[in-house]
Amino acid sequence: MKRLLFAISCLFIVSFTVSAQQGNQRSPEENAKRMTERMTTDLNLTPQQVAPVDSINLVFAKAQAALREKANGDFSSMRDDMQKLNALRFQAFEKVLTDEQMQAYKKLMEERQRNRGGGN
Numbered sequence: 028m029k030r031l032l033f034a035i036s037c038l039f040i041v042s043f044t045v046s047a048q049q050g051n052q053r054s055p056e057e058n059a060k061r062m063t064e065r066m067t068t069d070l071n072l073t074p075q076q077v078a079p080v081d082s083i084n085l086v087f088a089k090a091q092a093a094l095r096e097k098a099n100g101d102f103s104s105m106r107d108d109m110q111k112l113n114a115l116r117f118q119a120f121e122k123v124l125t126d127e128q129m130q131a132y133k134k135l136m137e138e139r140q141r142n143r144g145g146g147n
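According to this note's numbering, the sequence shown is numbered sequentially starting from 28.
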């Protein structure tokens with residue numbers, strides 16, 4: 028009886044872990060929406076800025092998803108392409124955000140890099 032309970036517990040833990048990992052994979056649309064919501068709050072976007080920022084985030088979320096798929100798990104191979112993509116996104120945001128918002132955006136991106144352990 029103890030072995031049966033142990034086996035069931037192990038199966039439950041494994042299935043929970045697998046489903047949690049699969050749940051972390053969001054669509055590009057979900058990623059773009061989440062980023063736009065965060066930027067709206069953190070950068071105090073005006074109502075006029077939200078739609079263009081959302082469009083930019085969606086375009087780049089789709090491009091990132093395509094790069095990830097192309098890399099097929101080899102993330103070091105897509106590093107340069109991601110850096111180029113991020114530079115293009117930055118340029119697009121410069122056309123929509125104020126100077127103050129751009130400074131705050133730069134700071135947010137630097138913090139994200141540090142939190143990921145990806146400082147260059």
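Quick reminder that beta carbons are idealized off the backbone N, C-alpha and C, glycines included. Owing to the predicted nature of the structure, the values given are computational and were not obtained by experimental measurement.
Query, Result
"Segment contact flag, the stretch 115-129 with the stretch 79-98, C-beta cutoff 8 Å, min 3 pairs", "yes"
"Residue 89 vs residue 55 beta-carbon contact at 9 Å", "yes"
"Collapsed DSSP secondary structure at residue 107 in the structure displayed", "helix"
"Between the CA atoms of residue 124 and residue 102 - distance to the nearest angstrom", "30 Å"
"Inter-residue spacing [alpha-carbon to alpha-carbon] between residue 71 and residue 99", "37 Å"
"Best match in 53, 141, 109 for proximity to residue 91 [C-alpha to C-alpha]", "109"
"Residue 66, buried or exposed, once every other Cβ within 10 Å from all chains shown has been counted against 16", "buried"
"Minimum length 4: unbroken alpha helix (DSSP H) runs contained in the stretch 62-131", "74-98, 106-121"
"Residue 69 to residue 60 span [Cα, whole Å]", "14 Å"
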